[in-house]
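Asker: Each residue of the sequence shown is one higher than the one before, counting from 41 in our numbering. Quick reminder that beta carbons are idealized off the backbone N, C-alpha and C, glycines included.
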Amino acid sequence: MEKKLLTTLAGEKPAIPPIWLMRQAGRYLPEYRRLRAKAGSFLDLCLNPALAAEATLQPVRRFDLDAAILFADILLIPFALGQDLSFVEGEGPRLSPPVTLERLDAFRRQNVVERLSPVFETLRRTKAALQPAKALIGFAGAPWTVATYMLAGGPIKDPAALRRLWYDQRDFLDALIGLLTEKTSEYLIAQLDAGADVVQLFDTWAGGLPWPILDSVSVRPLEKIAAAVKKARPGAPVIFFPKGVGEKAPEYLATGKCDGFGIDYAMDPSFARAQLGEHVVVQGGLDPLAVVTGGDVMIKAAASYLKLFHDVPYVFNLGHGLVPETPPENVDALVRFIRSGAWR
Ligand code: CP3
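1) Could you work out which residue in Asp-208, Gly-218, Ile-279, Ala-342 is closest to Leu-144 when comparing CA atoms only?
2) Would DSSP call Val-278 helix, strand or coil?
3) Could you please give the first and the last residue of the uninterrupted alpha helix (DSSP H) stretch that includes Gln-231?
4) Tell me the rounded alpha-carbon separation between Ala-330 and Ala-276.
5) Just to check my reading of the structure: Ala-92 and Ala-108 have Cβ atoms closer than 8 Å, yes? What is that Cβ distance to the nearest angstrom?
6) Indicate whether Phe-242 and Phe-179 have their beta-carbon atoms separated by less than 9 Å.
7) Extract the residue ranges of the alpha helix (DSSP H) inside the stretch 133-169, only unbroken runs of 4 or more that lie entirely within it.
8) For Ala-65, does the count of other Cβ atoms within 10 angstroms reach 16, so buried, or fall short, so exposed?
9) Residues in its own chain within less than 7 Å of Gln-150 by CB, not counting five upstream and five downstream?
10) Between Leu-27 and ligand 1, is the CB less than 8 Å from at least one heavy atom?
11) Would you mind working out which of Leu-110, Val-278, Asp-304 sits nearest Gly-296, comparing C-alpha positions?
12) Would you check whether ligand 1 has a heavy atom nearer than 8 Å to the C-beta of Ala-246?
13) Do Leu-326 and Tyr-354 have their beta-carbon atoms positioned less than 9 Å apart in this structure?
14) Around the C-beta of Lys-347, are 16 or more other C-beta atoms found within 10 angstroms, so that it is buried, or is it exposed?
15) Please state whether DSSP places Asp-243 in a helix, a strand or coil.
16) So for Trp-361, helix, strand or coil by DSSP?
17) Per DSSP, what kind of secondary structure is Tyr-189 in: helix, strand or coil?
18) For Phe-212 and Val-375, what's the separation of their Cα atoms in angstroms?
19) Okay, do the stretch 224-240 and the stretch 165-176 touch, 3+ Cβ pairs below 8 Å being the bar?
20) With 16 other CB atoms within 10 Å as the buried threshold, where does His-360 fall?
21) Confirm the yes/no value for this check: CB of Leu-110, any heavy atom of ligand 2, distance under 8 Å.
22) Can you give me the C-alpha to C-alpha distance between Val-320 and Leu-262, rounded to a whole angstrom?
23) Check whether the Cβ of Asp-113 lies closer than 8 Å to any heavy atom of ligand 1, and answer yes or no.
24) Ligand 1 heavy atoms versus the CB of Arg-67: any closer than 8 Å?
25) Measure the Cβ-Cβ separation of Pro-199 and Gly-248 and say whether it is below 9 Å.
26) Answer yes or no: the CB of Phe-127 versus the heavy atoms of ligand 1, is any distance below 8 Å?
27) Using a 10 Å radius around the Cβ and a threshold of 16 neighbouring Cβ atoms, would you call Met-62 buried or exposed?
28) Thinking Leu-220 and Val-186 are a contact (beta carbons under 8 Å), I'd like their distance in whole angstroms, please.
29) Give a single yes or no on whether Thr-224 has its beta carbon closer than 8 Å to a heavy atom of ligand 1.
30) Fully enclosed by the stretch 55-125, which beta strand (DSSP E) runs are 3 residues long or longer?
31) With a 10 Å radius around its C-beta and 16 neighbouring C-beta atoms as the bar for buried, classify Asp-124 as buried or exposed.
32) Looking at the structure shown, is Val-269 part of a helix, part of a strand, or coil, going by DSSP?
33) From Ala-173 to Ala-343, what does the alpha carbon distance come to, in whole angstroms?
34) Looking at the unbroken alpha helix (DSSP H) that takes in Gly-335, where does it start and where does it end?
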């Protein structure tokens, strides 16, 4: 059975684009909130294959989506490297202790594939339960985004301090990014072996960096990871999602290593169509906040992406993840509208 997401990433243009949504599993779904309460902590949920597979499958059961995305988190890599990870209600993730140059050797010795074995079991279970026409998406955080959490001990509060590292402690930053590049490549290859059909790299904090820094901490590491993945598993599609990179997006395509390119809600869709759409399969764009509002506002906003990309292969998605305030019925209405073809 052909999977529409995969044939589209390979360059075919279906009449209706494949659909999946970043953060399609999560707190906006009542069934997720029940599962999360049962698991205890978010980390317990991520590392329990039976429950994590259930969380992965929940949105594909409820909505007519073309793919399931592994239920896990980008911060499992720092956890596997030896940082303590917790999610504090209302504050977000916390990683401790902060990374130092001295700890990198200990990190290097960790076998992330072994430590994250429950994640691969989640993929195997999900694959067994998923309808054959639906693709299974694996993912990881990009080295820079993961490094920002590792260095700050949580969400970045002081972007200037992180940027200064590039000037003041370049060897340390390069070593950390290099280490994450290697570990992330191994992790994604193992996800493909466990049943993922495609992998996506999230570089949420790529925006706002001057070019030489962006090139060295984001473009090159993504290129290296995708090259390692494709060398080990030829034909495996890779999607890049570097958020906030604006006019630098073509630099990622120039690596020749991404099959799909996720655009964020701030990127000018006409720029994306003209500069990216001819060279790569563009994914996403719609502001997730339009889905909170729903109704005509959401439908018009979605239709504008669908119309603009109607003549090239395109993957329908958002420009960032669904937020917890999203009414699930709006997601249902969005998916039905796209499927109806009424936007053509
Ligand atoms: O449905 C999916 O998209 C798959 C699962 C997934 C999660 N996180 C689950 C999650 C994916 C792909 C991620 C990626 C992720 N995690 C990113 C990159 C994408 C993005 O959103 O920018 C980042 C930066 C993280 C780190 C992270 N995880 C933060 C900052 C937080 C706290 C903020 C928040 O939204 O709660 C998380 C927690 C998290 N990851 C939740 C979920 C469902 C909420 C946890 C809960 O249930 O309390």
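Answerer: With the given structure in hand:
1) The residue given as residue 144 occupies position 104 in the sequence shown. Selected option, being the one with the closest Cα: Gly-218.
2) In the sequence shown, the residue the question calls residue 278 occupies position 238. In this structure, Val-278 counts as strand in the three-state DSSP scheme.
3) Here the question's residue 231 lines up with position 191 in the sequence shown. Note, Gln-231: alpha helix (DSSP H), 210-233.
4) Against the sequence shown, residue 330 aligns to sequence position 290. Against the sequence shown, residue 276 aligns to sequence position 236. The alpha-carbon atoms of Ala-330 and Ala-276 are separated by roughly 32 Å.
5) The residue labelled residue 92 in the question sits at position 52 within the sequence shown. The residue labelled residue 108 in the question sits at position 68 within the sequence shown. Incorrect: roughly 11 Å between the Cβ atoms, too far for contact.
6) Within the sequence shown, residue 242 is the residue found at index 202, counting from 1. Within the sequence shown, residue 179 is the residue found at index 139, counting from 1. In contact: Phe-242 and Phe-179 (Cβ atoms closer than 9 Å).
7) 144-149, 152-155, 157-169
8) Position 25 of the sequence shown holds residue 65. By the 10 Å Cβ count, Ala-65 comes out buried.
9) For this step, residue 150 is matched to residue 110 along the sequence shown. So the list reads Ala-120, Leu-121, Gly-122, once near-sequence residues are dropped.
10) With the chain running from 41 to 384 in the structure shown, residue 27 is simply not present.
11) The count along the sequence shown starts at 1 and reaches residue 296 at position 256. The shortest Cα separation from Gly-296 among Leu-110, Val-278, Asp-304 belongs to Val-278.
12) Taking the sequence shown and counting its residues from 1, the one referred to as residue 246 is at position 206. No, ligand 1 has no heavy atom inside 8 Å of this Cβ.
13) Sequence index remark: in the sequence shown, residue 354 carries index 314 (1-based). Sequence index remark: in the sequence shown, residue 326 carries index 286 (1-based). No, the Cβ-Cβ distance between Tyr-354 and Leu-326 is not below 9 Å.
14) By 1-based counting over the sequence shown, the position of residue 347 is 307. Under this definition Lys-347 is an exposed residue.
15) Taking the sequence shown and counting its residues from 1, the one referred to as residue 243 is at position 203. It is a strand residue.
16) On the sequence shown, position 321 is the one that residue 361 refers to. Sequence inspection shows Gly at residue 361; the Trp mentioned does not correspond to that position. The answer is coil: DSSP assigns Gly-361 none of H, G, I, E or B.
17) Translated into the one-based positions of the sequence shown, residue 189 becomes position 149. It is helical.
18) Your numbering for residue 212 matches position 172 in the sequence shown. Your numbering for residue 375 matches position 335 in the sequence shown. The alpha-carbon atoms of Phe-212 and Val-375 are separated by roughly 45 Å.
19) yes
20) Within the sequence shown, residue 360 is the residue found at index 320, counting from 1. So His-360 counts as buried.
21) No copy of ligand 2 occurs in the structure displayed; its ligands are ligand 1 alone.
22) As a first step, residue 320 must be located in the sequence shown, where it is residue number 280. As a first step, residue 262 must be located in the sequence shown, where it is residue number 222. Answer to the nearest angstrom: the Cα atoms are 15 Å apart.
23) By one-based count along the sequence shown, residue 113 stands at place 73. Asp-113 Cβ: within cutoff of ligand 1.
24) Position 27 of the sequence shown, counted from the start, is the residue given in the question as residue 67. True, at least one ligand heavy atom lies under 8 Å from that Cβ.
25) The count along the sequence shown starts at 1 and reaches residue 199 at position 159. The count along the sequence shown starts at 1 and reaches residue 248 at position 208. Their beta carbons are under 9 Å apart, which means Pro-199 touches Gly-248 by this criterion.
26) Position 87 of the sequence shown holds residue 127. Phe-127: yes, Cβ under 8 Å from ligand 1.
27) Residue mapping note: residue 62 aligns to position 22 of the sequence shown, counting from 1. Buried, because 16 or more other Cβ atoms sit within 10 Å of the Cβ of Met-62.
28) Along the sequence shown, read from residue 1 onward, the residue named residue 220 stands at position 180. Along the sequence shown, read from residue 1 onward, the residue named residue 186 stands at position 146. 6 Å between Cβ atoms; contact.
29) Mapped onto the sequence shown, residue 224 falls at position 184. Result no, Cβ not under 8 Å from ligand 1.
30) 107-109
31) Mapped onto the sequence shown, residue 124 falls at position 84. Asp-124 should be labelled exposed.
32) On the sequence shown, position 229 is the one that residue 269 refers to. Here Val-269 sits in helix by DSSP.
33) As a working note, residue 173 is residue 133 in the sequence shown. As a working note, residue 343 is residue 303 in the sequence shown. Each residue's alpha carbon lies about 25 Å from the other.
34) As a working note, residue 335 is residue 295 in the sequence shown. 335-348 is the extent of the alpha helix (DSSP H) around Gly-335.
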